[in-house]
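S.K.:
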Amino acid sequence: MASILTLGGFLSMFTSTVVTVALGTIAAGFRAPLGTVQWITTGYLLALAAMVSVSGWACRRFGTTRLWLVCVGLFAVLSALCATATSIEALIAFRVLQGAAGGLLVPAGQILFATTVGPKRLGRMMAVLSIPIYLAPVLGTLAGSVLTERFGVPWLFLVNVPLSLLCLLLGRKRLPREVPVDTRPLDRRGLALTVTGLPLLVYGFAEAAPIAAVAGAILLVVFAITALRSPAPLLELRLFRDRTFSSAAAVIFGMGIASFGAMIVLPLYYLDVRHESLVATGFLTAPLALGTVLALPLAGRLTDRIGGARVIFAGLIVTIAGTVPLALLTGSDGYWWLSAVQVVRGCGIGLTTTPALAAGLVSVPRERISHAMPLFAMLQRIGGSFGTSILTVLAAPGTVGAIAHAHWWIAGLTVIVLIPAWLLVRAESSTVD
């Protein structure tokens, strides 16, 4: 079950980055401006974000396994349609629909996993399911370069088809069948507010568009007010009344800013300062993902044994220790040294985010996991977009000084996350007592 759901999650995250390196080639092939072609990636990511909020209701209404299988099947069909698109408009439309399927696929897999394994194995199992989140972007960048150069643009999409069919075949045989548990109608007002507010907020932060960001924030605030008054909201915001849940949510949001936003900074160093190629930059930044993936199994075991809060606090210390050397960058640092520092920082991230997810879910009743998981996913995406916006501005000059300065900000943001982490330690200790 872990292998099947991890492969499904890998598909969604892999596809979000595999196309990025080929945007120039796609623009030339369709004779379209790069600003238009950019929507192949932007549209996918916005659709991915928009569907997170509805994933919990869809799981409860149709059954989690059924939803997951349908999304995998749609992913295969839409990948084939992307490969055969004859115009840039059609390709963008298919990518948006593919993002919608992927936006349901990952949360559905996480919800199915969390409700099946139970609290005693939650840390280890969520660590396994988090592997594609960190590994897929690196592999996507590398695979995108190779596929574009040797096989052509259509294979950026066709590569998903056999993997999706394998997921579909194994999922039909191995995943548990669930009976829908909620027949209540969809909260249409909440859906309208979140599927417009969240993408606008993400887009506004990522593209430095303040009007879009403010509009998205207002829509989400209105959603929060209406959700707290609704007897059957799209997302159960009352979960934040639990101190453990809210502390874990704050850690997830903060690490979304500090970790996902930081992924854009060091590549600028290799590209703009060291003048490396895109493929070489992909290899040189891979140690961060390697460190994260190596730490995830340990993080899972420790979370199940001693609780997630202490693991998170230790992980934040390790993350800070791996960030400060990057704030002291020069134009001649050795690549082996930089790789070692990235492995340390990656280990810290692996010891932080997934234990926070597990710690937050332990306090949630099983029937409410489908409400909790989308909330965590939304906070992580908003935090990542917010961090991307801030750090892009700081690192934009592309100089050693600007990139080092951006890493000081990353270290400072990680220090701030120690506050909700300490609150989580106290909340978890009081629960045990």
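Counting along the sequence shown from 1, when you hit position 276 you're at 276 in UniProt numbering, and nothing is skipped either side.
All C-beta atoms, glycine included, are put in the ideal place defined by N, C-alpha and C.
For clarity, every value in this text was computed on a predicted model and none was experimentally measured.
(1) Taking the alpha carbon of L328 as the reference point, which residue from I403, G144, G152 has its own alpha carbon closest?
(2) For G190 and Q380, I'd like the C-alpha separation in whole angstroms.
(3) From S363, P267, L67, pick the residue whose C-alpha is nearest to that of Y335; which is it?
(4) Please list, in chain order, all residues of the same chain as P154 whose beta carbon is under 6 Å from its beta carbon, the five residues on each side excluded.
(5) Beta carbon of P107, beta carbon of S55: below 7 Å?
(6) Spatial neighbours of S12 within its chain, please: CB distance less than 6 Å, with the 5 preceding and 5 following residues excluded, ordered by chain position.
(7) Which word fits E149, buried or exposed, when buried means at least 16 other C-beta atoms lie within 10 angstroms of its C-beta?
(8) Return the Cβ separation of A206 and S53 in integer angstroms, given the expectation that the two are a contact with Cβ distance under 8 Å.
(9) By the three-class DSSP mapping on this structure, what secondary structure does S363 have?
(10) Out of L78, T116, A224, I369, point me to the one whose CA is closest to G99's CA.
(11) Report the option in T6, V221, W39, H407 whose CA atom is closest to the CA atom of V19.
(12) For I369, does the count of other Cβ atoms within 10 angstroms reach 16, so buried, or fall short, so exposed?
(13) Count the C-beta pairs between the segment 18 to 38 and the segment 63 to 72 that are closer than 8 Å, then say yes if the count reaches three, no if not.
(14) Suppose the cutoff is 6 Å on Cβ atoms and the five residues either side in sequence are ignored; what does the same chain contact list for I252 look like?
(15) Is P231 helix, strand or coil by DSSP?
(16) Which of the three DSSP states is assigned to S277 in this structure?
(17) Counting C-beta neighbours from all protein chains within 10 Å, is the total for T330 16 or more, i.e. buried, or is it exposed?
M.R.: This is what the structure gives:
(1) If you number the sequence shown from 1, residue 328 lands on position 328. When only C-alpha atoms are compared, the closest one is I403.
(2) For the purposes of this step, residue 190 is taken as the residue at position 190 of the sequence shown. For the purposes of this step, residue 380 is taken as the residue at position 380 of the sequence shown. Taking the straight line from one Cα to the other gives about 20 Å.
(3) Taking the sequence shown and counting its residues from 1, the one referred to as residue 335 is at position 335. The option with the nearest alpha carbon to Y335 is P267.
(4) Here the question's residue 154 lines up with position 154 in the sequence shown. Here the set comprises A83.
(5) The sequence position of residue 107 within the sequence shown is 107, counting from 1. The sequence position of residue 55 within the sequence shown is 55, counting from 1. Cβ distance < 7 Å, so P107 and S55 count as in contact.
(6) The sequence position of residue 12 within the sequence shown is 12, counting from 1. Within the same chain, S12 has close Cβ partners G102, L105, V106.
(7) One-based indexing of the sequence shown puts residue 149 at position 149. Exposed, by the Cβ-count rule.
(8) Position 206 of the sequence shown holds residue 206. Position 53 of the sequence shown holds residue 53. In fact, because the Cβ distance is near 18 Å, the residues do not count as touching under 8 Å.
(9) Within the sequence shown, the letter at position 363 stands for residue 363. Assignment of S363 by DSSP, reduced to helix, strand and coil, places it in the coil class.
(10) On the sequence shown, position 99 is the one that residue 99 refers to. From the listed residues L78, T116, A224, I369, the smallest Cα separation to G99 is found for L78.
(11) Within the sequence shown, numbered from 1, the residue matching residue 19 stands at position 19. Here the closest residue by C-alpha is W39.
(12) Within the sequence shown, numbered from 1, the residue matching residue 369 stands at position 369. Buried.
(13) At 8 Å Cβ cutoff, the stretches do not touch.
(14) Numbered from 1 along the sequence shown, position 252 holds the residue referred to as residue 252. If we look at I252 and ignore the five residues flanking it on each side, its Cβ neighbours are A356, F376, L379, Q380.
(15) Stepping through the sequence shown from its first residue, residue 231 is reached at position 231. P231 falls in the coil class under three-state DSSP.
(16) Taking the sequence shown and counting its residues from 1, the one referred to as residue 277 is at position 277. Coil.
(17) Taking the sequence shown and counting its residues from 1, the one referred to as residue 330 is at position 330. Here T330 is exposed, its C-beta having fewer than 16 other C-beta atoms within 10 Å.
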